[in-house]
Amino acid sequence: MTKPQTYFVKTFGCQMNVYDSERMSELLAADGLRAVDNSDDADLVVLNTCHIRERAAEKVYSDIGRLKASKRPSGVKPMVAVAGCVAQAEGEEIVRRAPMVDLVVGPQAYHRLPAMIAAAANGKSVDTDMPIESKFDLLPKRARPTGASAFLTVQEGCDKFCTFCVVPYTRGGEVSRPAADVVGEARALVDGGACELTLLGQNVNAYADDGLGIGFAQLIREIAAIPGLARLRYTTSHPRDMTDELIAVHAEVPELMPYLHLPVQSGSSRILKRMNRAHTAESYLATIDRLRAARPDIALSGDFIVGFPGETEADFEDTLSIVRAVGYAQAYSFKYSSRPGTPAAGMDGHLDEAVKSERLARLQALILEQQLAFNRATVGRRVEVLIERHGRKPGQLIGKSPYLQSVHVMAPGLAIGDLVEVELVSAGPNSLEGKLIQKAAA
Ligand code: SAH
Ligand code: SF4
Ligand code: F3S
C-alpha cells in the first residue's frame, strides 16, 4: 500500500473525541496529507470511535461495512484506521472482525499515527499502549482553530469507576496536563482567533497540577485572564468534585459562562450507591443550591441513565422527582446499556428493553417540557450571542447564548465569530429566534 495523500476523520462520541480528531488532523496535515470533505475521496479514513453504549460501539462496524461497499472511481481501497475508545477496548479483535482495517490506535497513542501509517504499508499495525510519554508533548503546535469556539483538553481519564461505565478502562486513570502547557495552548487558540474556549476532561473538575499546586478553580482564573478571551466553559464535571472554591469562581469570573453540565445519573440514592457514584440525591441537590447561591442565573444540564439493573418503578420516580426539583435547561438521557467487563454487567436485576424504553420516553417528555420552559423564560431578554454557523435560510445565522441555547438570527451582515447583542423573541424546546440589537464592540 502506498503512503496516503489525503485523509478524512470521522468522529463519534464525546467532545474529548472531537478534540482528539482535531489534533489527529493537525498531525496528519503536518505529515503532508491533505484533508478532504468525505470518506469516498480519502486515501486514509480515520474512524474516531466511542465505546460508551453498545449501539455507539457497533456503529464503527457498520461504517467499515459501508467503506468496503463503496465504489471508488480509482478502484483503490482506502487505508482504514480505527482510533478512539473502541480501538482501546477491542484492540486486535477489530482487525480479526473487520480485516479491512489497517491500523488500530488508542486515545493515548495517536501521536504515533505517522509512524503507524508508514508501518501499515507492510501489514496491520495495532497500538493501544498507554505510553509514559504524553502525546501532548509530541503533537505539533496547535493550528488555527476552525471556529470562534474551540475545545481544549486539560484532563483525561477517570478513577471514579461508576459500575456501568467503560471510560476508566478505555481512557485510563485521571491525568491532568501541566497548567503551563494548558495556558500556553489556550493562548495559542485565542491568538488564532478563538474567543470562546471549552475546557475538556472526563472529570474536568478533578483537574490538579500537583507540581504547581494549581487546582481547577485557579486554572479557570488564569485562562479567563488571557486578553481576547470572551467566554470560558468546561465539561464534564463530577458532582463529587464541585468544591467551594470552584463554585465561588462562578460568582467571581465574568468570562465563565452561566451554564454547567453536572450529571446525576439517577434520583434514587439506592441506585446511585449501586452505580458507585459517591454522591446521593440529597448531596447533589445541596450542590445545586450552593451553585445557585453563587450564580443565580446558572443554567443546568445533566445526564441520566434509566433502567439500571435493579431500578424499580419507585427508583425511577425518584429520578423524575429530582428532575422536577432541579429544573434543567437541557439534559441527556440514555437507556442503560450493559458493557462487557463493567461490574454492573454482572449484577442481578437487568430490566427488559420494553421497561427501559417506556421509562426513557417518560423522562424525555419531562426534560423536553423543562427545556421549553427554560427557553420561554428567557424570551424578552437581551443576551450576547456568539455566531457559530450559517443557518438553512438565506441570511440566517446560528449562534450560542451564554446559557448554551441555540439562537437563530436573521442578519445577513454578520460573520462567523461575531459576538452580538440579541433580543430573544420566541422559543422552542431546542432553539430560539433572536433579533439583532447591535454588534458588540470587539
Ligand atoms: N465523565 C462523565 C460522563 C461520561 S459518559 C460523567 O461522569 O458525567 C457520558 C454519559 O453516558 C454518562 O454521564 C452516562 O449518563 C452515560 N453512560 C455511561 N455509561 C453508560 C451505559 N453503560 N449505559 C447507558 N449510558 C451510559
Ligand atoms: Fe464514567 Fe463515572 Fe468516570 Fe463519568 S465519573 S467517566 S460516568 S466512571
Ligand atoms: Fe465515548 Fe470514549 Fe468519550 S467511550 S463518550 S468517546 S471517552
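Numbering (our numbering), first residue to last: 3 to 444. Beta carbons: idealized from backbone N, C-alpha and C, even for Gly.
Cβ-Cβ distances below 6 angstroms link I273 to F310, E313 and D317 in the same chain, with the five nearest sequence neighbours on each side left out; the list follows chain order.
If you draw a straight line from the Cα of E24 to the Cα of S72, it comes to about 25 angstroms. By the Cβ criterion, the stretch 123-136 is not in contact with the stretch 47-57, since fewer than three pairs of Cβ atoms, one from each stretch, lie closer than 8 angstroms.
Residues H53, V168, Y171 and T172 of the same chain have their beta carbon placed closer than 7 angstroms to that of A91, with the five preceding and five following residues left out of the count.
Counting along the chain, S285 sits inside the alpha helix (DSSP H) bounded by residues A283 to A296.
Restricted to the stretch 76-160, the alpha helix (DSSP H) segments that are unbroken, complete and at least 4 residues in length are 86-92, 94-99, 115-122 and 137-140, listed in chain order.
The nearest non-hydrogen atom of the ligand F3S is less than 7 angstroms from the C-beta of V169. For the options D420, K143, S127 and C164, the alpha carbon positioned closest to that of A32 is the one of K143. Annotation for T130: A89, Q90, G93, V106, V107, G108 and A111 place their beta carbon closer than 8 angstroms to its own, counting only its chain and skipping 5 residues before and after. Restricting attention to alpha helix (DSSP H) runs no shorter than 4 residues, the stretch 354-381 encloses them at 355-380, ordered along the chain.
For N205, the distance from the CB to the nearest heavy atom of the ligand SAH is below 7 angstroms.
Relative to the ligand SAH, the nearest heavy atom lies less than 7 angstroms away from the CB of P265. Secondary structure at A417: coil, using DSSP grouped into helix, strand and coil. If the five residues before and after S403 are omitted, its C-beta is found closer than 7 angstroms to the C-beta atoms of V385, V387 and V409, all from its own chain and listed in chain order. Taking the Cα of E319 as reference, the smallest distance to any Cα among H352, A280, S339 and S270 is reached at S270. The ligand SAH has a heavy atom closer than 7 angstroms to the beta-carbon of D305. For a cut-off of 8 angstroms, the C-beta gap from I418 to E390 is around 6 angstroms, short enough to register as a contact. Excluding residues up to 5 positions away in sequence, I300 lie with their Cβ nearer than 7 angstroms to the Cβ of R294 in the same chain. Taking 8 angstroms as the upper bound for CB-CB distance, S339 and R55 are in contact here, some 4 angstroms apart. Here the alpha carbons of G195 and P147 stand approximately 7 angstroms from one another.
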